[in-house]
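Laid out in C-alpha coordinates, this is it:
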(Lines of atoms letter the chains of each structure in order from A; the text may use other names.)
(Lines give C-alpha, C1' and ligand atoms only; values in the text may rest on other atoms or scores of the structure.)
Protein backbone atom coordinates (compact mmCIF):
# COMPACT_ATOMS: atom_id res chain seq x y z
CA UNK A 42 0.00 0.00 0.00
CA UNK A 43 2.75 2.61 0.69
CA UNK A 44 4.22 1.96 -2.76
CA UNK A 45 0.88 2.46 -4.46
CA UNK A 46 0.28 5.65 -2.48
CA UNK A 47 3.74 6.93 -3.36
CA UNK A 48 3.28 6.16 -7.04
CA UNK A 49 -0.12 7.81 -7.04
CA UNK A 50 1.28 10.91 -5.37
CA UNK A 51 4.18 11.02 -7.82
CA UNK A 52 1.86 10.70 -10.80
CA UNK A 53 -0.43 13.34 -9.31
CA UNK A 54 2.44 15.80 -8.86
CA UNK A 55 3.75 15.08 -12.35
CA UNK A 56 0.35 15.59 -13.94
CA UNK A 57 -0.20 18.74 -11.89
CA UNK A 58 3.19 20.15 -12.86
CA UNK A 59 2.60 19.19 -16.49
CA UNK A 60 -0.82 20.84 -16.42
CA UNK A 61 0.65 24.02 -14.92
CA UNK A 62 3.52 24.07 -17.42
CA UNK A 63 1.24 23.44 -20.39
CA UNK A 64 -1.25 25.99 -19.09
CA UNK A 65 1.48 28.59 -18.63
CA UNK A 66 2.92 27.90 -22.07
CA UNK A 67 -0.55 28.03 -23.64
CA UNK A 68 -1.32 31.40 -22.05
CA UNK A 69 2.02 32.88 -23.06
CA UNK A 70 1.84 31.39 -26.55
CA UNK A 71 -1.71 32.66 -26.97
CA UNK A 72 -0.66 36.15 -25.88
CA UNK A 73 2.32 36.14 -28.25
CA UNK A 74 0.16 34.96 -31.14
CA UNK A 75 -2.38 37.67 -30.33
CA UNK A 76 0.37 40.31 -30.16
CA UNK A 77 1.76 39.15 -33.49
CA UNK A 78 -1.69 39.37 -35.02
CA UNK A 79 -2.11 42.91 -33.70
CA UNK A 80 1.33 43.88 -35.01
CA UNK A 81 0.49 42.46 -38.42
CA UNK A 82 -2.92 44.16 -38.45
CA UNK A 83 -1.29 47.51 -37.63
CA UNK A 84 1.21 47.01 -40.46
CA UNK A 85 -1.59 46.10 -42.87
CA UNK A 86 -3.57 49.18 -41.85
CA UNK A 87 -0.53 51.42 -42.35
CA UNK A 88 0.26 49.92 -45.76
CA UNK A 89 -3.41 50.17 -46.76
CA UNK A 90 -3.44 53.87 -45.91
CA UNK A 91 -0.33 54.46 -48.01
CA UNK A 92 -1.67 52.37 -50.88
CA UNK A 93 -5.05 54.09 -50.83
CA UNK A 94 -3.43 57.55 -50.77
CA UNK A 95 -1.20 56.74 -53.74
CA UNK A 96 -4.02 55.03 -55.62
CA UNK A 97 -6.26 58.06 -55.10
CA UNK A 98 -3.59 60.45 -56.44
CA UNK A 99 -2.78 58.29 -59.46
CA UNK A 100 -6.42 57.53 -60.26
CA UNK A 101 -7.27 61.24 -60.01
CA UNK A 102 -4.47 62.20 -62.39
CA UNK A 103 -5.40 59.54 -64.92
CA UNK A 104 -9.08 60.50 -64.69
CA UNK A 105 -8.15 64.13 -65.42
CA UNK A 106 -6.00 63.02 -68.32
CA UNK A 107 -8.81 60.84 -69.66
CA UNK A 108 -11.33 63.69 -69.54
CA UNK A 109 -8.98 66.02 -71.41
CA UNK A 110 -8.19 63.37 -74.04
CA UNK A 111 -11.91 62.82 -74.53
CA UNK A 112 -12.21 66.57 -75.15
CA UNK A 113 -9.46 66.39 -77.76
CA UNK A 114 -11.14 63.39 -79.41
CA UNK A 115 -14.42 65.32 -79.50
CA UNK A 116 -12.73 68.21 -81.30
CA UNK A 117 -11.06 65.84 -83.79
CA UNK A 118 -14.34 64.05 -84.45
CA UNK A 119 -15.99 67.44 -85.06
CA UNK A 120 -13.22 68.27 -87.54
CA UNK A 121 -11.95 71.26 -85.55
CA UNK A 122 -8.15 70.85 -85.78
CA UNK A 123 -7.46 74.20 -84.12
CA UNK A 124 -9.56 73.36 -81.08
CA UNK A 125 -7.98 69.92 -80.89
CA UNK A 126 -4.49 71.48 -80.88
CA UNK A 127 -5.49 74.00 -78.23
CA UNK A 128 -6.83 71.25 -76.01
CA UNK A 129 -3.61 69.26 -76.44
CA UNK A 130 -1.66 72.32 -75.33
CA UNK A 131 -3.99 72.77 -72.37
CA UNK A 132 -3.32 69.16 -71.43
CA UNK A 133 0.38 69.87 -71.12
CA UNK A 134 -0.27 73.04 -69.15
CA UNK A 135 -2.71 71.31 -66.80
CA UNK A 136 -0.43 68.34 -66.06
CA UNK A 137 3.14 69.54 -66.59
CA UNK A 138 4.68 67.05 -64.13
CA UNK A 139 2.84 64.10 -65.59
CA UNK A 140 2.36 64.52 -69.34
CA UNK A 141 5.44 64.98 -71.52
CA UNK A 142 3.76 64.93 -74.93
CA UNK A 143 0.50 64.20 -76.68
CA UNK A 144 -0.77 63.84 -80.20
CA UNK A 145 -2.96 62.02 -82.70
CA UNK A 146 -2.23 59.69 -85.63
CA UNK A 147 -4.08 58.78 -88.77
CA UNK A 148 -5.11 55.25 -89.66
CA UNK A 149 -1.59 54.53 -90.90
CA UNK A 150 0.05 55.53 -87.64
CA UNK A 151 1.52 58.83 -88.87
CA UNK A 152 1.40 61.64 -86.33
CA UNK A 153 -0.88 64.26 -87.81
CA UNK A 154 -1.43 66.33 -84.71
CA UNK A 155 1.06 67.09 -81.94
CA UNK A 156 1.80 69.64 -79.26
CA UNK A 157 2.99 73.04 -80.34
CA UNK A 158 6.66 72.78 -81.17
CA UNK A 159 6.60 68.97 -81.16
CA UNK A 160 8.88 67.23 -83.62
CA UNK A 161 6.65 64.14 -83.66
CA UNK A 162 4.49 65.19 -86.56
CA UNK A 163 4.79 63.05 -89.68
CA UNK A 164 6.38 60.21 -87.67
CA UNK A 165 4.72 56.78 -87.74
CA UNK A 166 3.64 54.91 -84.60
CA UNK A 167 2.04 51.95 -86.33
CA UNK A 168 4.56 49.59 -84.76
CA UNK A 169 3.69 50.50 -81.20
CA UNK A 170 1.67 47.81 -79.38
CA UNK A 171 -0.97 50.31 -78.25
CA UNK A 172 -1.55 51.35 -81.91
CA UNK A 173 -1.87 47.72 -82.96
CA UNK A 174 -4.24 47.08 -80.07
CA UNK A 175 -6.62 49.95 -81.01
CA UNK A 176 -6.43 49.02 -84.69
CA UNK A 177 -7.62 45.51 -83.91
CA UNK A 178 -10.03 46.33 -81.08
CA UNK A 179 -13.14 48.52 -81.53
CA UNK A 180 -13.15 49.37 -77.80
CA UNK A 181 -13.14 53.17 -77.48
CA UNK A 182 -12.12 53.22 -73.79
CA UNK A 183 -8.81 54.42 -72.39
CA UNK A 184 -5.90 52.05 -72.81
CA UNK A 185 -2.72 52.27 -70.71
CA UNK A 186 0.43 50.70 -72.09
CA UNK A 187 3.57 49.39 -70.49
CA UNK A 188 6.72 51.54 -70.21
CA UNK A 189 8.30 52.99 -73.38
CA UNK A 190 11.14 55.34 -74.20
CA UNK A 191 10.08 58.61 -75.84
CA UNK A 192 11.07 58.86 -79.51
CA UNK A 193 12.53 62.32 -79.00
CA UNK A 194 14.83 61.94 -76.01
CA UNK A 195 14.26 58.44 -74.62
CA UNK A 196 12.37 59.63 -71.55
CA UNK A 197 10.73 56.57 -69.91
CA UNK A 198 6.95 56.84 -69.94
CA UNK A 199 3.70 54.98 -70.28
CA UNK A 200 1.13 55.89 -72.91
CA UNK A 201 -2.56 56.57 -72.30
CA UNK A 202 -4.44 56.25 -75.59
CA UNK A 203 -7.91 56.43 -77.15
CA UNK A 204 -9.13 55.00 -80.45
CA UNK A 205 -10.23 57.43 -83.18
CA UNK A 206 -13.01 56.44 -85.58
CA UNK A 207 -14.24 58.09 -88.77
CA UNK A 208 -17.85 58.95 -89.52
CA UNK A 209 -18.50 55.37 -90.61
CA UNK A 210 -17.10 53.97 -87.36
CA UNK A 211 -13.96 52.67 -89.02
CA UNK A 212 -10.54 52.94 -87.44
CA UNK A 213 -9.07 56.37 -88.11
CA UNK A 214 -6.05 56.47 -85.79
CA UNK A 215 -5.15 56.88 -82.12
CA UNK A 216 -4.96 59.75 -79.66
CA UNK A 217 -2.00 59.42 -77.26
CA UNK A 218 -0.56 61.11 -74.18
CA UNK A 219 2.78 60.11 -72.66
CA UNK A 220 2.92 60.02 -68.84
CA UNK A 221 6.46 60.34 -67.52
CA UNK A 222 7.50 57.64 -65.07
CA UNK A 223 9.23 60.34 -63.06
CA UNK A 224 5.74 61.54 -62.11
CA UNK A 225 5.11 58.31 -60.20
CA UNK A 226 8.55 58.47 -58.60
CA UNK A 227 7.74 61.96 -57.29
CA UNK A 228 4.53 60.61 -55.76
CA UNK A 229 6.51 57.81 -54.10
CA UNK A 230 9.12 60.28 -52.83
CA UNK A 231 6.48 62.01 -50.72
CA UNK A 232 6.12 58.90 -48.57
CA UNK A 233 8.84 57.58 -46.27
CA UNK A 234 9.70 53.92 -46.76
CA UNK A 235 11.02 51.99 -43.78
CA UNK A 236 14.08 49.79 -44.04
CA UNK A 237 13.30 46.77 -46.18
CA UNK A 238 10.03 48.29 -47.43
CA UNK A 239 9.01 49.02 -51.01
CA UNK A 240 6.26 50.49 -53.18
CA UNK A 241 5.78 49.11 -56.68
CA UNK A 242 3.35 50.18 -59.41
CA UNK A 243 2.29 47.45 -61.85
CA UNK A 244 0.15 47.17 -64.94
CA UNK A 245 -2.54 44.52 -64.86
CA UNK A 246 -0.10 42.32 -66.82
CA UNK A 247 2.46 42.39 -64.01
CA UNK A 248 4.86 44.84 -65.72
CA UNK A 249 6.67 47.24 -63.36
CA UNK A 250 5.99 50.94 -64.02
CA UNK A 251 7.50 52.49 -60.93
CA UNK A 252 9.20 51.49 -57.71
CA UNK A 253 10.70 52.84 -54.57
CA UNK A 254 13.49 52.26 -53.79
CA UNK A 255 14.12 53.14 -57.42
CA UNK A 256 15.95 50.64 -59.61
CA UNK A 257 16.14 51.36 -63.36
CA UNK A 258 16.89 47.70 -64.04
CA UNK A 259 13.45 46.77 -62.70
CA UNK A 260 11.35 49.27 -64.65
CA UNK A 261 9.62 47.56 -67.54
CA UNK A 262 10.25 44.02 -66.27
CA UNK A 263 7.43 41.52 -66.48
CA UNK A 264 7.15 39.94 -63.02
CA UNK A 265 3.81 38.24 -63.57
CA UNK A 266 5.31 34.77 -63.15
CA UNK A 267 6.72 35.50 -59.71
CA UNK A 268 4.61 34.18 -56.78
CA UNK A 269 3.98 37.50 -55.03
CA UNK A 270 2.92 39.32 -58.21
CA UNK A 271 0.89 36.34 -59.35
CA UNK A 272 -1.05 36.41 -56.06
CA UNK A 273 -1.78 40.12 -56.46
CA UNK A 274 -2.92 39.58 -60.06
CA UNK A 275 -5.19 36.78 -58.79
CA UNK A 276 -6.97 39.25 -56.50
CA UNK A 277 -5.24 38.69 -53.15
CA UNK A 278 -5.05 41.96 -51.29
CA UNK A 279 -2.93 41.04 -48.25
CA UNK A 280 -0.28 38.32 -48.13
CA UNK A 281 3.28 37.53 -47.14
CA UNK A 282 5.78 36.42 -49.77
CA UNK A 283 9.39 36.69 -50.91
CA UNK A 284 9.96 39.58 -53.31
CA UNK A 285 10.89 38.67 -56.87
CA UNK A 286 13.23 41.67 -57.13
CA UNK A 287 15.47 41.36 -54.06
CA UNK A 288 14.41 38.09 -52.35
CA UNK A 289 13.30 39.88 -49.17
CA UNK A 290 10.28 38.47 -47.35
CA UNK A 291 7.63 41.15 -47.08
CA UNK A 292 4.05 41.74 -46.07
CA UNK A 293 2.21 42.96 -49.16
CA UNK A 294 -0.92 45.07 -49.38
CA UNK A 295 -2.14 45.27 -52.97
CA UNK A 296 -4.41 48.18 -53.95
CA UNK A 297 -6.14 48.51 -57.35
CA UNK A 298 -6.06 52.00 -58.89
CA UNK A 299 -9.64 53.04 -59.61
CA UNK A 300 -11.05 51.29 -62.63
CA UNK A 301 -7.75 51.41 -64.47
CA UNK A 302 -5.50 48.45 -65.37
CA UNK A 303 -3.00 49.35 -62.68
CA UNK A 304 -2.34 48.31 -59.09
CA UNK A 305 0.18 49.22 -56.44
CA UNK A 306 1.90 46.91 -53.96
CA UNK A 307 2.95 48.52 -50.70
CA UNK A 308 5.31 46.13 -48.95
CA UNK A 309 7.01 46.10 -45.58
CA UNK A 310 9.82 43.78 -44.55
CA UNK A 311 8.55 41.18 -42.10
CA UNK A 312 11.83 41.54 -40.21
CA UNK A 313 11.10 45.22 -39.69
CA UNK A 314 7.41 44.71 -38.88
CA UNK A 315 8.04 42.03 -36.28
CA UNK A 316 11.39 43.28 -34.94
CA UNK A 317 9.91 44.52 -31.65
CA UNK A 318 7.63 41.50 -31.38
CA UNK A 319 10.56 39.15 -32.04
CA UNK A 320 12.68 40.79 -29.34
CA UNK A 321 9.77 40.60 -26.92
CA UNK A 322 9.15 36.96 -27.83
CA UNK A 323 12.81 36.07 -27.27
CA UNK A 324 12.77 37.73 -23.85
CA UNK A 325 9.51 36.12 -22.80
CA UNK A 326 10.56 32.79 -24.30
CA UNK A 327 13.85 32.81 -22.41
CA UNK A 328 12.12 33.71 -19.14
CA UNK A 329 9.43 31.10 -19.71
CA UNK A 330 12.03 28.48 -20.58
CA UNK A 331 13.82 29.18 -17.30
CA UNK A 332 10.56 28.98 -15.37
CA UNK A 333 9.30 25.84 -17.06
CA UNK A 334 12.78 24.32 -16.96
CA UNK A 335 12.88 24.95 -13.22
CA UNK A 336 9.49 23.33 -12.82
CA UNK A 337 10.59 20.33 -14.87
CA UNK A 338 13.80 20.07 -12.85
CA UNK A 339 11.89 20.12 -9.58
CA UNK A 340 9.44 17.52 -10.86
CA UNK A 341 12.31 15.33 -12.09
CA UNK A 342 14.07 15.61 -8.74
CA UNK A 343 10.86 14.78 -6.94
CA UNK A 344 10.16 11.92 -9.32
CA UNK A 345 13.67 10.52 -8.90
CA UNK A 346 13.45 10.81 -5.13
CA UNK A 347 10.02 9.24 -5.12
CA UNK A 348 11.28 6.53 -7.45
CA UNK A 349 14.22 5.88 -5.15
CA UNK A 350 11.88 5.62 -2.19
CA UNK A 351 9.56 3.43 -4.19
CA UNK A 352 12.47 1.20 -5.18
CA UNK A 353 13.54 0.93 -1.55
CA UNK A 354 9.98 0.07 -0.58
CA UNK A 355 9.83 -2.53 -3.34
CA UNK A 356 13.10 -4.01 -2.17
CA UNK A 357 11.79 -4.11 1.38
CA UNK A 358 8.55 -5.68 0.19
CA UNK A 359 10.50 -8.24 -1.86
CA UNK A 360 12.72 -8.97 1.11
CA UNK A 361 9.65 -9.39 3.31
CA UNK A 362 8.09 -11.64 0.69
CA UNK A 363 11.23 -13.73 0.50
CA UNK A 364 11.41 -13.91 4.29
CA UNK A 365 7.77 -14.86 4.42
CA UNK A 366 8.31 -17.46 1.70
CA UNK A 367 11.42 -18.75 3.44
CA UNK A 368 9.47 -18.99 6.66
CA UNK A 369 6.93 -21.18 4.86
CA UNK A 370 9.42 -23.25 2.85
CA UNK A 371 11.20 -26.39 3.99
CA UNK A 372 14.94 -25.82 3.65
CA UNK A 373 15.82 -29.46 2.90
CA UNK A 374 13.21 -30.37 0.28
CA UNK A 375 12.36 -26.94 -1.17
CA UNK A 376 8.61 -27.52 -0.79
CA UNK A 377 6.17 -25.85 1.59
CA UNK A 378 6.45 -26.46 5.31
CA UNK A 379 3.92 -27.00 8.06
CA UNK A 380 3.55 -23.25 8.70
CA UNK A 381 2.17 -22.67 5.18
CA UNK A 382 -0.17 -25.63 5.50
CA UNK A 383 -1.62 -24.29 8.73
CA UNK A 384 -2.13 -20.84 7.18
CA UNK A 385 -3.85 -22.28 4.10
CA UNK A 386 -6.03 -24.61 6.16
CA UNK A 387 -7.23 -21.61 8.17
CA UNK A 388 -8.05 -19.73 4.95
CA UNK A 389 -9.90 -22.67 3.44
CA UNK A 390 -11.79 -23.16 6.69
CA UNK A 391 -12.98 -19.53 6.72
CA UNK A 392 -14.02 -19.74 3.08
CA UNK A 393 -16.01 -22.94 3.68
CA UNK A 394 -14.54 -24.61 0.57
CA UNK A 395 -16.42 -27.42 -1.17
CA UNK A 396 -14.95 -30.85 -1.98
CA UNK A 397 -11.79 -30.67 0.08
CA UNK A 398 -9.44 -33.64 0.60
CA UNK A 399 -6.27 -34.17 2.63
CA UNK A 400 -3.57 -36.80 2.13
CA UNK A 401 -1.13 -37.69 4.90
CA UNK A 402 1.91 -39.51 3.48
CA UNK A 403 4.84 -41.19 5.21
CA UNK A 404 7.98 -42.82 3.77
CA UNK A 405 7.91 -46.46 4.88
CA UNK A 406 10.61 -47.62 7.31
CA UNK A 407 12.60 -44.44 6.79
CA UNK A 408 14.46 -44.81 10.10
CA UNK A 409 15.83 -48.14 8.88
CA UNK A 410 16.79 -46.42 5.58
CA UNK A 411 18.82 -43.83 7.47
CA UNK A 412 20.44 -46.51 9.60
CA UNK A 413 21.29 -48.53 6.48
CA UNK A 414 22.46 -45.77 4.10
CA UNK A 415 23.22 -42.81 6.36
CA UNK A 416 21.58 -39.44 6.87
CA UNK A 417 23.05 -37.91 3.70
CA UNK A 418 21.37 -40.57 1.59
CA UNK A 419 18.25 -40.09 3.69
CA UNK A 420 18.19 -36.37 2.97
CA UNK A 421 18.63 -37.05 -0.74
CA UNK A 422 15.78 -39.56 -0.70
CA UNK A 423 13.55 -37.07 1.12
CA UNK A 424 14.32 -34.45 -1.54
CA UNK A 425 13.62 -36.88 -4.41
CA UNK A 426 10.32 -37.96 -2.92
CA UNK A 427 9.27 -34.37 -2.20
CA UNK A 428 10.01 -33.18 -5.75
CA UNK A 429 8.24 -36.20 -7.24
CA UNK A 430 5.15 -35.48 -5.16
CA UNK A 431 5.22 -31.77 -6.12
CA UNK A 432 5.63 -32.54 -9.82
CA UNK A 433 2.83 -35.11 -9.79
CA UNK A 434 -0.01 -32.99 -8.39
CA UNK A 435 -2.65 -32.36 -11.07
CA UNK A 436 -4.31 -29.16 -9.78
CA UNK A 437 -2.93 -25.60 -9.85
CA UNK A 438 -3.94 -25.08 -6.23
CA UNK A 439 -2.88 -28.50 -4.96
CA UNK A 440 -0.08 -28.32 -2.38
CA UNK A 441 2.45 -30.75 -0.95
CA UNK A 442 4.30 -29.84 2.24
CA UNK A 443 6.73 -31.49 4.58
CA UNK A 444 4.81 -32.04 7.78
CA UNK A 445 7.68 -33.32 9.89
CA UNK A 446 10.54 -35.81 9.52
CA UNK A 447 9.64 -38.18 6.67
CA UNK A 448 5.96 -37.27 6.81
CA UNK A 449 4.22 -35.15 4.13
CA UNK A 450 0.77 -33.61 3.85
CA UNK A 451 -1.05 -32.89 0.58
CA UNK A 452 -4.00 -30.48 0.28
CA UNK A 453 -6.40 -31.08 -2.60
CA UNK A 454 -8.95 -28.22 -2.72
CA UNK A 455 -11.81 -28.94 -5.11
CA UNK A 456 -11.18 -32.72 -5.10
CA UNK A 457 -13.78 -35.19 -3.86
CA UNK A 458 -12.91 -38.56 -2.32
CA UNK A 459 -12.86 -40.37 -5.68
CA UNK A 460 -10.50 -37.88 -7.31
CA UNK A 461 -8.33 -37.73 -4.20
CA UNK A 462 -8.05 -41.53 -4.17
CA UNK A 463 -6.89 -41.48 -7.81
CA UNK A 464 -4.30 -38.83 -6.99
CA UNK A 465 -3.10 -40.77 -3.94
CA UNK A 466 -2.64 -43.98 -5.92
CA UNK A 467 -0.80 -42.05 -8.63
CA UNK A 468 1.54 -40.51 -6.07
CA UNK A 469 2.21 -43.83 -4.39
CA UNK A 470 3.04 -45.38 -7.77
CA UNK A 471 5.31 -42.47 -8.78
CA UNK A 472 7.36 -42.80 -5.60
CA UNK A 473 7.71 -46.54 -6.07
CA UNK A 474 8.78 -45.92 -9.67
CA UNK A 475 11.77 -43.95 -8.41
CA UNK A 476 13.27 -47.32 -7.40
CA UNK A 477 15.34 -45.88 -4.63
CA UNK A 478 16.98 -48.99 -3.08
CA UNK A 479 15.81 -49.87 0.45
CA UNK A 480 17.30 -53.20 1.52
CA UNK A 481 15.44 -53.38 4.84
CA UNK A 482 12.00 -52.83 3.21
CA UNK A 483 9.89 -55.82 2.17
CA UNK A 484 9.43 -54.00 -1.16
CA UNK A 485 13.25 -53.53 -1.58
CA UNK A 486 12.66 -49.89 -2.71
CA UNK A 487 11.53 -46.72 -1.01
CA UNK A 488 7.71 -46.67 -0.79
CA UNK A 489 5.08 -44.51 0.88
CA UNK A 490 1.94 -45.15 2.88
CA UNK A 491 -0.96 -42.73 2.46
CA UNK A 492 -3.97 -41.84 4.55
CA UNK A 493 -6.88 -39.98 2.91
CA UNK A 494 -9.73 -37.96 4.37
CA UNK A 495 -12.17 -35.69 2.57
CA UNK A 496 -15.44 -33.82 2.83
CA UNK A 497 -17.94 -32.22 0.50
CA UNK A 498 -18.04 -29.05 2.61
CA UNK A 499 -15.53 -27.69 5.13
CA UNK A 500 -18.43 -26.09 6.97
CA UNK A 501 -19.46 -29.62 7.95
CA UNK A 502 -15.99 -30.84 8.81
CA UNK A 503 -13.20 -28.46 9.89
CA UNK A 504 -9.86 -28.86 8.07
CA UNK A 505 -8.06 -29.65 11.32
CA UNK A 506 -10.37 -32.62 11.74
CA UNK A 507 -9.62 -33.76 8.18
CA UNK A 508 -5.91 -33.74 8.98
CA UNK A 509 -6.53 -35.79 12.12
CA UNK A 510 -8.66 -38.31 10.20
CA UNK A 511 -6.10 -38.54 7.36
CA UNK A 512 -3.36 -39.14 9.93
CA UNK A 513 -5.37 -41.97 11.47
CA UNK A 514 -5.93 -43.44 8.00
CA UNK A 515 -2.15 -43.25 7.44
CA UNK A 516 -1.58 -45.17 10.67
CA UNK A 517 -3.97 -47.84 9.46
CA UNK A 518 -2.04 -48.06 6.13
CA UNK A 519 1.13 -48.78 8.09
CA UNK A 520 -0.65 -51.37 10.21
CA UNK A 521 -2.03 -53.01 7.06
CA UNK A 522 1.45 -53.58 5.63
CA UNK A 523 2.53 -50.20 4.18
CA UNK A 524 2.83 -49.09 0.51
CA UNK A 525 -0.89 -48.53 0.26
CA UNK A 526 -3.69 -45.92 0.40
CA UNK A 527 -6.26 -45.99 3.19
CA UNK A 528 -9.41 -43.86 3.26
CA UNK A 529 -10.69 -42.58 6.58
CA UNK A 530 -13.79 -44.59 7.61
CA UNK A 531 -15.57 -41.33 8.45
CA UNK A 532 -15.79 -40.57 4.74
CA UNK A 533 -15.13 -44.01 3.27
CA UNK A 534 -17.22 -44.50 0.10
CA UNK A 535 -16.86 -48.26 -0.08
CA UNK A 536 -16.97 -51.29 2.25
CA UNK A 537 -13.24 -51.91 2.39
CA UNK A 538 -10.95 -49.04 3.39
CA UNK A 539 -7.53 -50.24 2.26
CA UNK A 540 -5.98 -50.40 -1.24
CA UNK A 541 -2.64 -52.17 -1.60
CA UNK A 542 -0.27 -51.89 -4.49
CA UNK A 543 -1.09 -54.18 -7.31
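Numbering (our numbering), first residue to last: 42 to 543.
For every residue, glycine included, the Cβ atom is placed at its ideal position computed from N, Cα and C.
Give the secondary structure of residue i by DSSP, where H, G and I count as helix, E and B as strand, and everything else as coil.
i: residue 326; result: helix
i: residue 169; result: coil
i: residue 282; result: strand
i: residue 523; result: coil
i: residue 310; result: strand
i: residue 486; result: strand
i: residue 218; result: strand
i: residue 89; result: helix
i: residue 303; result: strand
i: residue 336; result: helix
i: residue 517; result: helix
i: residue 53; result: helix
i: residue 478; result: strand
i: residue 528; result: strand
Below 8 angstroms on the Cβ atoms is my contact criterion, and I expect residue i with residue j to pass it. Report the Cβ-Cβ distance as a whole number of Å.
i: residue 203; j: residue 292; result: The Cβ separation is near 38 angstroms, so there is no contact.
i: residue 436; j: residue 453; result: 7 angstroms
i: residue 464; j: residue 426; result: Not quite, the Cβ-Cβ distance comes to about 16 angstroms (not below 8 angstroms), so this is no contact.
i: residue 220; j: residue 198; result: 6 angstroms
i: residue 393; j: residue 502; result: With 8 angstroms as the limit, residue 393 and residue 502 do not qualify as a contact, their Cβ atoms being about 11 angstroms apart.
i: residue 294; j: residue 94; result: So it is not a contact: roughly 12 angstroms between Cβ atoms.
i: residue 92; j: residue 307; result: 4 angstroms
i: residue 526; j: residue 450; result: Not really, about 15 angstroms apart at Cβ, beyond 8 angstroms.
i: residue 495; j: residue 398; result: 3 angstroms
i: residue 370; j: residue 378; result: 6 angstroms
Using the Cβ count rule (16 or more neighbours within 10 Å means buried), how would you classify residue i?
i: residue 479; result: buried
i: residue 60; result: exposed
i: residue 355; result: exposed
i: residue 141; result: buried
i: residue 324; result: exposed
i: residue 352; result: exposed
i: residue 447; result: buried
i: residue 269; result: buried
i: residue 406; result: buried
i: residue 327; result: exposed
i: residue 193; result: exposed
i: residue 491; result: buried
i: residue 217; result: buried
i: residue 255; result: exposed
i: residue 438; result: exposed
i: residue 510; result: buried
i: residue 68; result: exposed
Between which two residues does the beta strand (DSSP E) holding residue i run?
i: residue 263; result: Unbroken run through residue 263: none, as it is neither H nor E.
i: residue 293; result: 290-297
i: residue 240; result: 239-244
i: residue 235; result: It is not in any beta strand (DSSP E) - residue 235 carries neither H nor E in the DSSP assignment.
i: residue 369; result: Unbroken run through residue 369: none, as it is neither H nor E.
i: residue 140; result: 140-146
i: residue 20; result: Only positions 42 to 543 of the chain appear in the structure, and residue 20 is not among them; the question remains open.
i: residue 192; result: Segment: none, residue 192 is in no beta strand (DSSP E) and carries neither H nor E.
i: residue 451; result: 448-454
i: residue 155; result: 152-155
i: residue 401; result: 395-404
i: residue 249; result: 249-253
State yes or no: is the C-beta of residue i nearer than 7 angstroms to some heavy atom of the ligand ATP?
i: residue 244; result: No copy of the ligand ATP appears in this structure; indeed no ligand is present at all.
In terms of residue numbering, what span does the alpha helix (DSSP H) encompassing residue i cover?
i: residue 225; result: 222-230
i: residue 496; result: Premise fails: residue 496 lies in the beta strand (DSSP E), 489-498, not in any alpha helix (DSSP H).
i: residue 417; result: 416-433
i: residue 445; result: Per DSSP, residue 445 belongs to no alpha helix (DSSP H); it is in the beta strand (DSSP E), 440-445.
i: residue 276; result: Careful: residue 276 lies outside any alpha helix (DSSP H) and carries neither H nor E.
i: residue 469; result: 458-474
i: residue 132; result: 122-135
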